[in-house]
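Protein chains in written order, with our numbering: chain A, 205 to 386; chain B, 1269 to 1566.
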Amino acid sequence: METLHPNARRDPFGSRINRAQSPILAHGLPWVSILLGSLTPWLPIIASAPILPPFGLMMLLAWRLVRPGLLPMWAGLPFGLFDDLHSGQPFGSGILMFSLVLIAIELIEIRFPWRNFWLDWLTAATVLTVYLAVAALLSGSPLMQLSVILPQLLLSIVLFPVISRLVAQFDRLRLMRVRRIN
Amino acid sequence: VVATGPTRRPGSNKKAQLGVFTGYVLAGLGALFGATLLTISILRPETFSGLRMMAADVASPAGEAGAAGRIGTQNFLEAIAGYYRAGSRNAELEREVEVARVRLAEAEALKGEIARLKALLGVADDDTKPVAVARLIGSTSSSVRRIGYISAGRNEGLRPGMPVTSPTGLVGRILSTGARSSRVLLLTDSESMVPVRRASDNTVAFAEGRTDGSLRLRLVTLGINPIKPGDVFVTSGAGGLFRPNIAVAVAREITRDGAIAQLLSNPAATDYVMVEPIWQRPAVEALRSGPDPKDPED
């Protein structure tokens, strides 16, 4: 009898026989990774100026742009609430900003239904610029000190494609067939 | 180029249209809820601090574990930049050490003299005992607000307002306390203001945070600006809270009404910090407690 190639019944997500995707992993990984992004203040970096990008928002943006339709539109509320608990911004600013960001991306998507890398990057850069500027103003910083956020903004924009690729890897991990069917 | 897929556009499907509409409504309600909370927290900043401290208490063990590996390292970018400047920095540091050795000898001599003069005047050394020694475990590194977290809280006797110091100078003051962790308003926060004076004389000023790692010194008395670059400023003790003579900053650039100063205790290079009791001027304390009724002279 002719033997099959060992990988004949496999695809990039694992064996197609006797295995299924885990709903916990498929739906939990995006949420957990975004929440972990909001925990940046607990990294062992004590900065005397705002330097690190807003990783929570960047993870949310990346998931929203890489995998549209995965996160519900109300997701800005829980993610923003968690971000507020740790960010040091006035409480509520995260909920407001995250919700507005998700609505804005939805509207951009209706206007430009065809997506590519450059459009996604431009969208993310615009959102990050507006977010950091408004967050700085909400925190009570005087207008003339807005230049303080420039290094952080540049770093965020440059890092966004990297975060997108990371999220794309998470997306493959998310769909791995890890559950055994009996 | 990838289209977002057929399910994203409801078309004439009434149920799908309703689903999209509900999405907008829920997201809008979320934004509205956020705006309400934001207004409350801007009007009354401490409203949600209990919630935050609960979250901080949960997350602090992770931060503490990370902080243990941080000892001596500088902040994120400085650590990278350090590799490029290692050679020239080394030479510069060696020169500085030579100068510092001489200064140290001079300081030793002065210390002896001060001790002698104090003994002569009958002034006792009032060393304040720290309430707690804690590790600096994190900071809001992506927000414009400069708030740090330390690994001690109410259980160790910490209260809001207590000054936080490191061996190289003042770090900030306690903003709110949880059971096992506390939030510290760092000196560079835009809402931090500390009364300071020049170490060499009594030129008094206010040190305000500029959020970019430096402080703005504003002189209290206007007139000719006497500050020179390199002047060291220490807390004056005015207004209570901070005891006098804790090192704060060194002036770097002179401005019209004061100077831009560099912080002396870089929080990035600080591992352990001391939390001191809230300082009150002895005279104020005496006034508060009133005259002793059992005093035989009364």
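Quick reminder that beta carbons are idealized off the backbone N, C-alpha and C, glycines included. All values derive from a computational prediction rather than experimental measurement.
Selection of the stretch 1473-1484 of chain B by Cβ proximity to chain A, strictly under 8 Å: Arg1478, Thr1479, Asp1480, Gly1481
Ile299/A: contacting residues in chain B (beta-carbon distance under 7 Å): Gly1298, Phe1301, Gly1302, Leu1305
Contacts that Glu1459/B makes with chain E (C-beta to C-beta distance below 8 Å): Chain labels in this structure do not include chain E; the protein chains are A and B.
Per-residue burial, Trp399/A [other beta carbons within 10 Å of its own, 16 or more giving buried]: This structure cannot speak to residue 399/A, because chain A is shown only from 205 to 386.
Whole-angstrom C-beta distance between Ser1482/B and Ile1528/B, which should lie under 8 Å: 5 Å
Residues that Arg1438/B contacts on chain A, provided the C-beta gap is smaller than 9 Å: Residue identity check: residue 1438/B is Leu in the sequence provided, not Arg. The premise fails here: Leu1438/B is roughly 13 Å from chain A at the closest Cβ pair, so nothing lies under 9 Å.
Per-residue DSSP class, three states only, for Gly1291/B: helix
Classification of Ala340/A by the beta-carbon crowding that lies within 10 angstroms, buried from 16 upward: buried
Given 8 Å, three or more beta-carbon pairs between the stretch 311-322 of chain A and the stretch 234-241 of chain A: no
With 16 other Cβ atoms within 10 Å as the buried cut-off, status of His231/A: exposed
Thr1445/B, DSSP secondary structure in three states: strand
Alpha helix (DSSP H) segments (min. 4 residues) lying fully within the stretch 301-343 of chain A: 321-342
Listed by chain order, chain A residues near Thr1456/B by CB distance under 9 Å: Ser252, Ala253
Test item: CB-CB of Ser1450/B and Gly1421/B under 8 Å: yes
First through last residue of the beta strand (DSSP E) which encompasses Ser1419/B: Here Ser1419/B belongs to no beta strand (DSSP E), and DSSP marks it neither H nor E.
Inter-stretch contact (C-beta, 8 Å, three-pair minimum) for the stretch 1466-1473 of chain B and the stretch 1481-1499 of chain B: yes
Test: Met277/A CB closer than 8 Å to a CB of chain B: yes
Start and end residues, alpha helix (DSSP H) containing Ala1537/B: Segment: none, Ala1537/B is in no alpha helix (DSSP H) and carries neither H nor E.
Alpha-carbon spacing of Asn211/A relative to Gly280/A, whole angstroms: 41 Å
Same chain, Cβ closer than 6 Å to Leu264/A, neighbours up to 5 away in sequence not counted: Ile238, Phe283
Where the alpha helix (DSSP H) containing Met262/A begins and where it ends: 259-270
CA nearest to the CA of Phe286/A, picked from Ala1373/B, Ala1368/B, Val1326/B: Val1326/B
Cβ-Cβ distance between Leu1426/B and Ile1442/B below 8 Å: yes
Straight-line Cα distance separating Ala1383/B from Asp288/A: 51 Å
Cβ-based neighbour list, Val334/A, same chain, cut-off 7 Å, excluding 5 preceding and 5 following: none
Inter-residue spacing [alpha-carbon to alpha-carbon] between Ile249/A and Thr1445/B: 21 Å
Range of the contiguous beta strand (DSSP E) that encloses Val1502/B: 1500-1503
Beta-carbon spacing of Trp325/A, Gly1331/B below 8 Å: no
Spatially closest choice to Gly1437/B from Gly1380/B, Lys1379/B, Ala1517/B, Glu1360/B, by CA coordinates: Ala1517/B
Whole-angstrom C-beta distance between Arg1484/B and Gly1526/B, which should lie under 8 Å: 7 Å
Residue-level contact to chain A via CB, Asn1584/B, 8 Å cutoff: Residue 1584/B falls outside the range modelled here, since chain B spans only 1269 to 1566, and no answer is possible.
Residue from Arg1312/B, Gly1406/B, Asn1358/B, Leu1319/B whose Cα sits closest to the Cα of Asp1539/B: Gly1406/B
Contact check, Ala1577/B vs His290/A, beta carbons under 8 Å: Nothing about residue 1577/B can be reported from this structure: the residues present for chain B run from 1269 to 1566 only.
Test: Trp246/A CB closer than 8 Å to a CB of chain B: yes
Stretch-stretch touch, CB-based, cutoff 8 Å, three pairs: the stretch 1294-1314 of chain B with the stretch 297-304 of chain A: yes
DSSP state of Glu1364/B mapped onto helix, strand, coil: helix
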